[in-house]
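Numbered by the numbering used here, the letters in the sequence shown go through residues 22 to 348 in order. Ideal Cβ placement from N, Cα and C applies to all residues, glycine included.
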Amino acid sequence: MKTTAAITAVGAYLPDDILTNQDLEKMVDTTNDWILERTGIQERHILKGPYGTSTLAARAIQSLLQQRNLSPLDIDLIIVATTTPDMMFPATANVVGDMIGAKNAWGFDLQAACSGFIYALSTGAQFIETGRYKKVVVVGADKMSSIIDYEDRNTCIIFGDGGGAVLLEPNYEGLGVLDFILHSDGAGREFLHMKAGGSMKPASLETVRNKEHYVYQEGKTVFKFAVTNMADVAVKIMEKNNLGPDDIAWLVPHQANKRIIDSTGQRMGIPPEKVIVNIQKYGNTTSGTIPICLFEWKDKFKKGDNLILASFGGGFTWGAVYVKWGC
Ligand code: COA
């Protein structure tokens, strides 16, 4: 039988500090009711102190290694999906490898905004399917608080910090990552981006003064694209794999907005009790949302369960992954 990449362990890390809607009411002109009604978010976790995304990623990997009783030396490859790397270079994956002592692994970062994790999962699975590697760690982690303007009510209510990680190992029973559909359309970049700090517009006094190192988002436009494309691609992967709503045990959607999640579930014909939602606790952790959901729900998953992972994000980037759970 064909070699597939099974998810054999899942870890996550959420920092201790919490930013509630009530806290935000004191910082910007907003209300708890507005945030709850428009997004479904109640609170988010914030990584305080001199720590970067590498800390979130390293802790998520450590929790995963503990579960499988593995040493960091067992890891062949680390892929870190992030939009908030510790630095422009080197890659956060390199920093993480050093932090956890993964001396036998190489690694790289992958940037696809909120679709980062599903892009990285699809990429990591290839290294297992080809037989090249036996243990690939795929991380999704973001310290979104490092690029959020806490005076901008359009964005500061949405995002939080956190990370999750999965271990991929070869499987010969048809379990694991079975299919994916990924898309990108750079024309969407004008609606969701960071204006400065890259090679086109390096940091300067002016860019800092103009607040160009923060997330810029035209929420309404992004919402429209997200709600259509995330549902379309989720339905498409169901059709491609001859899956009806009853065949799917869980929908694991990117947690950007409760209304987008609900609408995706409805389009797929999946009842709410099979749709994983934890946005109320964490907000949108960008690359972190899907692996954090997998971590929180892992004890409910049964071997052979069909999961559909779906996301939409800046770029624009979007896609869906079909996973058969188990190891
Ligand atoms: N508190 C109170 N009012 C707010 C507010 C806040 N935090 N943020 C915006 N508003 C106001 C707006 O100024 C606007 O007022 P106006 O009608 O007087 O102009 C009104 O609320 C409606 O704003 P709008 O942007 O249309 O709200 P919305 O229903 O689209 O919700 C988002 C805003 C950001 C929550 C929503 O658009 C969204 O979730 N977008 C997609 C996010 C996303 O998926 N991002 C992808 C990254 S993965």
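Thinking C-alpha only, which one of ASP97, ILE121, VAL160 and SER75 is nearest THR113? SER75
Considering only heavy atoms of the ligand COA, does any lie closer than 7 angstroms to the CB of VAL31? no
Report yes or no: do the segment 288-299 and the segment 253-264 share at least 3 C-beta pairs separated by less than 8 angstroms? yes
Report the option in GLU194, LEU91, GLN63 and THR285 whose CA atom is closest to the CA atom of VAL158. LEU91
Reduced DSSP category for LEU206 - H, G, I as helix; E, B as strand; rest coil: Just to set this straight, residue 206 is Asp in the shown sequence, not Leu. Coil at ASP206, not helix or strand.
For VAL248 and SER284, which I take to be in contact (beta-carbon distance under 8 angstroms), what is that distance rounded to the nearest angstrom? 5 angstroms
Given this structure, state the Cα-to-Cα distance separating PRO71 from ASP326, to the nearest angstrom. 40 angstroms
So TYR34 and LEU77 are in contact, right, with Cβ under 8 angstroms, and what is the actual spacing, rounded? 5 angstroms
Would MET251 be called buried (16 or more neighbouring beta carbons within 10 Å of its own) or exposed? buried
Which same chain residues, not among the five before or five after PRO111, have their C-beta less than 6 angstroms away from its C-beta? none
Could you check how far apart the C-beta atoms of GLU64 and ILE39 are, in whole angstroms? I think they sit under 8 angstroms. 5 angstroms
As a quick exercise: from TRP318, VAL298, CYS314 and ARG210, pick the residue whose alpha carbon is nearest that of GLY184. CYS314
Return no unless some Cβ of chain C is closer than 8 angstroms to the Cβ of ALA30. Absent from the structure is chain C; it holds one protein chain and no more.
Indicate, with yes or no, if the ligand COA has a heavy atom lying under 7 angstroms from the CB of LEU213. yes
Minimum length 4: unbroken alpha helix (DSSP H) runs contained in the segment 289-347: 300-303 and 310-318
Less than 8 angstroms between C-beta atoms, sequence neighbours within five positions excluded: which residues of the same chain meet that for ILE169? THR176, CYS177, PHE180, TYR235 and VAL236
CA nearest to the CA of VAL31, picked from GLY195, LEU213, LYS319 and ARG174: LYS319
Could you tell me whether any non-hydrogen atom of the ligand COA is closer than 7 angstroms to the CB of ASN53? no
What does ASN192 pair with, by DSSP beta-bridge criteria? THR25
So does ALA277 have its beta carbon nearer than 7 angstroms to some heavy atom of the ligand COA? yes
GLY197 and LYS345 - do their beta-carbons sit closer together than 8 angstroms? yes
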